[in-house]
Structure formats: C-alpha cells, structure tokens
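Going by our numbering, the residue at position 206 of the sequence shown is 992; the numbering climbs one at a time, nothing skipped.
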Amino acid sequence: MDKVVSTPAAAVADIPHGASLAVGGFGLCGVPTELIKALHARGVGGLRVVSNNCGVADFGLGILLADRRIASMTSSYVGENKEFARQFLAGELEVELVPQGTLAEKLRAGGTGIPAFYTATGVGSQVADGGIPLRYAEDGGVAVASPPKEVCDLILDGRPGRFVLEHAITCDYALVHAARGDRHGNLVFARSARNFNPLCAMAGRITVAEVEDLVEPGELDPDDVHLPGVFVQRVVHVGPDVEKRIERRTVRAAAR
787 MDKVVSTPAA AVADIPHGAS LAVGGFGLCG VPTELIKALH ARGVGGLRVV
837 SNNCGVADFG LGILLADRRI ASMTSSYVGE NKEFARQFLA GELEVELVPQ
887 GTLAEKLRAG GTGIPAFYTA TGVGSQVADG GIPLRYAEDG GVAVASPPKE
937 VCDLILDGRP GRFVLEHAIT CDYALVHAAR GDRHGNLVFA RSARNFNPLC
987 AMAGRITVAE VEDLVEPGEL DPDDVHLPGV FVQRVVHVGP DVEKRIERRT
1037 VRAAAR
C-alpha cells in the first residue's frame, strides 16, 4: 500500500516515447511542475497530452512544447502560449480543442468506466458537425479536420433536444499536483488548484501525484480527501517550495 517514490525522476522513469498523458492544472495553477521537469529531463518525445492548456514558454507543459516533445494536445484553452499557436499554425502540432466542461466530463467518464455520454454542448457547431482543423499543412491549408459526431434527439427533464455523443478519455499516465497526500495515495488539493487534477488522476491508467506535504495514513480526515488513493499509483514528495506563478496579476487601485 505504500505508494511513495523517492524522486520525481523515479516517478516518471518508465514513461515511454509516444505515451498519452493527462496533466492537471488550469492556467498556471495546480500544475505538476516537478514531474514535468523530470519528464523533460528524460528526453522522451512524441507525447500525446490531454490538459486544459499548455502552460507558457518556460513553465509547465510549455517546456516540453518548446523542445518539440509534444506531438498532440487535447485542450480547451491555449491562448497564453505563443509557441503553441506557432507550432499549430505551422502544422507541427496536432490540436483537438474541446469545450471545457466537455473535456472535464470526458476525463471523469474515462475514470469511472463510462465509455461515452450525450451533451447539448456543441450541437449546431463544428464541434458536432466536424471540420475543425486538427492539423494544418505547410502551405496553410487544413491537413486534418475533425470528423462529424453522432447527434440524436433525446428528451431531458421533459423537454426534447438535440445532443452530441462525446467519447470518454483515458490515458497511459496522469501527472497531478496536490497540497497534501498520504502514503496510500489519498490526496487533498488546495482551493482552485483542485481544478482538473482529480479528473486527470481518474483518467490515467498509472497516476503519479506530486505532493507538497506527505503525511502518514490516518492523518488525513476522510471527509477532507478530494481524491481517494484507489486512483493513484505513485506519490512523490516535492515539498512546499515548488515554483508557483500567477498568470495575470490584477490589482485594484488604492482608495484615495
């Protein structure tokens, strides 16, 4: 039951070239930076990453992207990374853009064994009809576009509507960051840093969690646990001094 691994490097040592990864974080909040750094140091590439976004140039997934280690991204928001946009438009990176709530549910569904689900989100748009560029060609044309999805009429809460079928996501590995964790893999996330971390952890066949505070089994109140250890295979203690950034610092003018 002791799932603790000695170092971030040891925790990601078996992730191979071309692996699929679900990576927690939202913007620059709750990102498993130490695991990403360790994976970058290993030199593996061709990674197929599922994450809400792709960090910035020198932080989070951005360091893997800058060294061309990522082959494809499934994301919701990528607007803060100029290199991401450049690689996508140049045909160097395949990108599947997914509505944020749909992405969250695809990960949750994968983690709970639900193969697919219907949602109204995206009906009547290219999300359902297909045609969204997934990869551009060198000449600027669309090399690969999204296919159309199944749409059907259903009744929800007594009202008829149109719904699109979305398939669940599972990945070979998941990398997540938690504020606290015990040796059994039970995790507690700090406020908004919870974001996509529990969902990514659920979707990974092998989930690796970096934790700031490692405690013994029984020290976490069961009512405080956000993710049970059944979803976590490895835990690595990184301490409280990991780098944390604010994506956009906004302050209010002082009252006069």
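The beta-carbon is built from N, C-alpha and C at its ideal position, and this holds for glycine as well.
Have a look at Ala989, Ala960, Ala902, Val930 and flag the residue whose alpha-carbon is nearest the alpha-carbon of Glu936. Ala902
Which of the three DSSP states is assigned to Asp915 in this structure? Here Asp915 carries a helix assignment [DSSP, helix/strand/coil].
If you draw a straight line from the C-alpha of Ser861 to the C-alpha of Lys892, how long is it? Rounded to the nearest angstrom, the two C-alpha atoms are 12 Å apart.
Give, in chain order, every unbroken run of the alpha helix (DSSP H) that is at least 4 residues long and sits entirely within the stretch 847-874. 848-852
Within 10 angstroms of the Cβ of Asp788, are there 16 or more other Cβ atoms? Answer buried if so, exposed if not. exposed
Per DSSP, Gly947 is paired with what? Under DSSP, Gly947 forms a beta bridge with Leu940.
Excluding the 5 residues flanking Gly804 on each side, which residues of the same chain have their C-beta closer than 6 Å to its C-beta? Gly832
Which of helix, strand or coil does DSSP assign to Ser806? strand
Could you please give me the residues that DSSP links to His826 through a beta bridge? For His826, which the question treats as bridged, DSSP gives no partner whatsoever.
Could you check if Cys840 is buried or exposed, using at least 16 other CB atoms within 10 Å of its CB as the buried criterion? buried
Rounded to the nearest angstrom, what separates Tyr922 and Cys815 at their Cα positions? If you draw a straight line from the Cα of Tyr922 to the Cα of Cys815, it is about 30 Å long.
Could you check where the alpha helix (DSSP H) with Ala1051 kicks off and where it finishes? Not covered by the structure: residue 1051. The range shown for the chain is 787 to 1042.
Starting from Gly891, trace the alpha helix (DSSP H) both ways and give me its first and last residue. Checking the sequence shown, residue 891 turns out to be Glu, not Gly. Counting along the chain, the alpha helix (DSSP H) containing Glu891 begins and ends at 886-898.
Hey, would you say Asn972 sits closer than 7 Å to Pro1014, going by beta carbons? yes
Based on the DSSP output, what are the partners of Val836 in its beta bridges? Ala808, Thr860
Does the beta-carbon distance from Gly967 to Ala808 come in below 7 Å? No, Cβ-Cβ distance for Gly967 and Ala808 is not below 7 Å.
Under 7 Å, do Gly848 and Phe982 count as touching if we go by C-beta distance? no
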